[in-house]
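Only one structure is covered here, and it is reproduced in the block below.
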């Protein structure tokens, strides 16, 4: 989708329900940001940086955050209608992100303790669930991550500018991890801080629940490199995105093979800790055409 | 028949998160009330219940991507408080360095990207030009410096915390990864460059401030109590006791950080998802208190590092002790920034920083505990109650923006009163209102981890929206 243009691409940056970490990550791109801004981009709409209140017509819209209010939904639809290309930046926009954990409760429950007397006429209507933006609009590129690494953002934006397809990351974090997989004979699993991890051995074979074997690569495995388990902030890899794939059983198998712990015990342990598994992808996802478009 | 009218501004721009302002006019068309509020919901306080305490620090940082490290540090301190864990001196220093990285990333963002355009361009300037990208076009070197300074902060977070946003290295009991000698040397070099940039930023800030001071002073003040962490009157971010001074500058109370929740109470009001915090001893609304950069300058008598200390003295001489003008937040933020760079350099010069004893074992147990640090926007408190099996039973967070929430609203009313007379709205209202809000650098993401907001100004007459600005 090469864009014919003589001047800078006009760009909108939209923040929906999120923590603003993805735009922070974009700012951390440093010199690359300056380069893009001086030669390719003109940011024309971004409530975080610019005083313009109305969404204008643009070439590219970058959306951080997911949809939790009616206002979010209207805003993203308007931005889509006024934009040639739309990029979902970060796991909240692509998969619902951490806020989707709120889907465990009804909105009523989330609000009732503190805000049951809220004068709701002044506040935007809260949606029943947290949704990724693809449930409502077509997305051209998805960049999952919490937040996505600066180099992934730069690569995607530069590819868009030059009309090329960005490099897609399809496999799992293990492919980028330096650790050696040596099947072990353990009798149980360990909490993340329960013992110090060996810096060279696979974290799973040491008994830690690392999600690297499920999670999309592309980040460069910064967490396992820091002796910390992968916690799945880039969402599932391509091979695990088919409906027929039972991610849960897959993880149980991987852990069992690498640790030697019997599957039943692992299943129990995972069941006890539901937060490990769904932290960033608990949302109900619809219209996810991501297999061809996830960076 | 009464003729009530309301004015709304939405979204408020150049702040973190989305906010909305509503101004209510009385029968004669003068300002009766002004509200700044939040309109988003996320629900962190509820959905994290049941989570293992060990996962909390790196998950809870997702409350705010702008000051994520501040949340991680408050969170591990709360957990260590419950577990009665004493971390090592090396870990303490590395954490302080991380917090300096946090102050640098945040304050460089706020100064250059959010507030500088207000000082740089006159308020008559076309709003579409009043932003950092326009400054970058006119003066590319300012843009380069903004980016380089932020990069140093991000580098500290990346090298020590192992990720630039939402760090992972800090855990209950210390840090997973010690600092390598090579990393220390590289960071030290970068610290020197960053310090030079900060001094230039301060000079630029002061120059623009002096030029605009008359107008800024008119933007109002709101004399309240002020609160900050301190070590006997010396500026501290990572540790210390909480001191509160009154509007005359006298000490009102001093308490240990673990008694924070006994001293600060919060309440909800009908029209916003963000809560209001106030001093329990004085009740609402007498106990309204401000925190953040100006409060840090007011509460503290000195700063340990040389240049920042000199600037603090100058600040007090110029603007009074305590200083009240709202827009001084922007000035005080630059002194924070100078301190953060000086302190980071000082910490990095210490060779014992690379010792490998960064981690001690924790012994999980049930209980209640508070963790307090001085975040970029002021005193940040996390309180957790953990169960016997080490899971989160409940939590209570008091975020700087909740503390400043009341002051923001009162200030807003003053600013609006200045521009609206007998139903006539003068030019420049919108920007002045936003400047007042921006001075506080409110983080709606934090204050409303329960709720999100998008700023609108709406004029309402007889209960109907008449005009949206």
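Chains as they are written, first to last, in this note's numbering: chain E, 407 to 701; chain X, 121 to 589.
Even for Gly, the Cβ is constructed at its ideal location relative to N, Cα and C.
Just so we're clear, the structure is a prediction, and the values are computed from it rather than from any experiment.
Exercise. Cβ of residue 520 of chain E less than 8 Å from any chain X Cβ?
Worked result: Any reading at residue 520 of chain E must be qualified, since the residue scores a pLDDT of 47, below 50, and its modelled position is unreliable; the value itself is stated next. So yes, residue 520 of chain E belongs to the interface.
Problem set entry | residue 162 of chain X versus residue 563 of chain X: straight-line alpha-carbon distance, rounded | 14 Å
Exercise. Does DSSP classify residue 575 of chain E as helix, strand or coil?
Worked result: coil
For this session: Check whether the Cβ atoms of residue 422 of chain X and residue 353 of chain X lie closer than 8 Å to each other.
Result: yes
Exercise. Does the Cβ of residue 181 of chain X have 16 or more other Cβ atoms within 10 Å, making it buried, or fewer, making it exposed?
Worked result: buried
Problem set entry | 6 Å Cβ shell around residue 451 of chain X - same chain, five flanking residues per side excluded | 329
Problem set entry | Closer than 8 Å to chain X by CB, residue 681 of chain E | yes
For this session: Assign residue 523 of chain E to buried or exposed, taking buried as 16 or more other Cβ atoms, counted over all protein chains shown, within 10 Å of its Cβ.
Result: Note that residue 523 of chain E scores a pLDDT of 41, beneath 50, so its modelled location is shaky and nothing firm can be said.
Exercise. Contact between the segment 472-485 of chain X and the segment 225-239 of chain X: three or more CB pairs below 8 Å?
Worked result: no
Problem set entry | Under 8 Å (Cβ pairs) to chain E, residues found in the segment 251-271 of chain X | 251, 252, 253, 256, 260, 263, 264, 267, 268, 270, 271
For this session: Please name the residue, chosen from X:364, X:507, X:370, X:542, that lies closest to residue 376 of chain X on a Cα-to-Cα basis.
Result: X:364
Exercise. Using 8 Å as the limit for Cβ to Cβ distance, is residue 494 of chain E near chain X?
Worked result: no
Exercise. Whose C-beta lies closer than 7 Å to the C-beta of residue 639 of chain E among residues of the same chain, with five residues either side of it excluded?
Worked result: 497, 551, 552, 686
Exercise. Does residue 531 of chain X get closer than 8 Å to chain E when you measure Cβ to Cβ?
Worked result: no
Problem set entry | Cβ-Cβ distance between residue 454 of chain E and residue 489 of chain E below 8 Å | no
Exercise. Are the beta-carbon atoms of residue 344 of chain X and residue 254 of chain X separated by less than 8 Å?
Worked result: no
Exercise. Among E:612, E:697, E:661, which one has its Cα closest to the Cα of residue 647 of chain E?
Worked result: E:697
For this session: Would you kindly work out how many angstroms separate the C-alpha atoms of residue 226 of chain X and residue 207 of chain X, rounded to a whole number?
Result: 26 Å
Exercise. In this structure, what does DSSP give as the bridge partners for residue 419 of chain E?
Worked result: E:468
For this session: Can you grab the Cα-Cα spacing for the pair residue 644 of chain E / residue 577 of chain E, in whole Å?
Result: 7 Å
For this session: Can you give me the Cβ contacts of residue 152 of chain X inside the same chain, cut-off strictly under 8 Å, excluding the 5 residues immediately before and after it?
Result: 124, 144, 145, 146
Problem set entry | Contacting positions in the segment 459-475 of chain E - beta carbon closer than 7 Å to chain X | 459, 474, 475
For this session: Specify the secondary structure class of residue 592 of chain E as computed by DSSP and reduced to three states.
Result: coil
Problem set entry | Nearest-angstrom beta carbon gap, residue 491 of chain E and residue 546 of chain E [assumed within contact, 8 Å] | 5 Å
For this session: Taking only the alpha-carbon atoms, compute the straight-line gap between residue 528 of chain X and residue 535 of chain X and give it to the nearest angstrom.
Result: 10 Å
Exercise. From this set, E:537, E:501, E:542, which residue's C-alpha is nearest residue 734 of chain E's C-alpha?
Worked result: Outside the shown range of chain E, which is 407 to 701, sits residue 734 of chain E, and nothing can be said about it.
For this session: Give a yes or no on contact between the segment 197-216 of chain X and the segment 516-530 of chain X, applying the rule of three or more CB pairs nearer than 8 Å.
Result: no
Problem set entry | Short CB-CB distance (under 8 Å) between residue 371 of chain X and chain E | no
For this session: Establish whether the CB of residue 557 of chain E and some CB of chain X are separated by less than 8 Å.
Result: no
Problem set entry | Among X:429, X:544, X:128, nearest to residue 142 of chain X - alpha-carbon criterion | X:128
For this session: Could you tell me which of E:574, E:616, E:600 sits nearest to residue 623 of chain E, measuring between CA atoms?
Result: E:574
Exercise. Span of the beta strand (DSSP E) holding residue 494 of chain E?
Worked result: 489-495
Problem set entry | Cα-Cα separation between residue 627 of chain E and residue 609 of chain E, rounded to whole angstroms | 12 Å
Problem set entry | Beta-carbon proximity list for residue 520 of chain E, same chain, < 6 Å, skipping 5 on both sides | Confidence at residue 520 of chain E is low in this model, with a pLDDT of 47, below 50, so the placement of that residue is unreliable and no value is reported for it.
Problem set entry | Contacts of residue 282 of chain X in chain E (Cβ-Cβ under 8 Å) | 628, 629, 631, 632, 634
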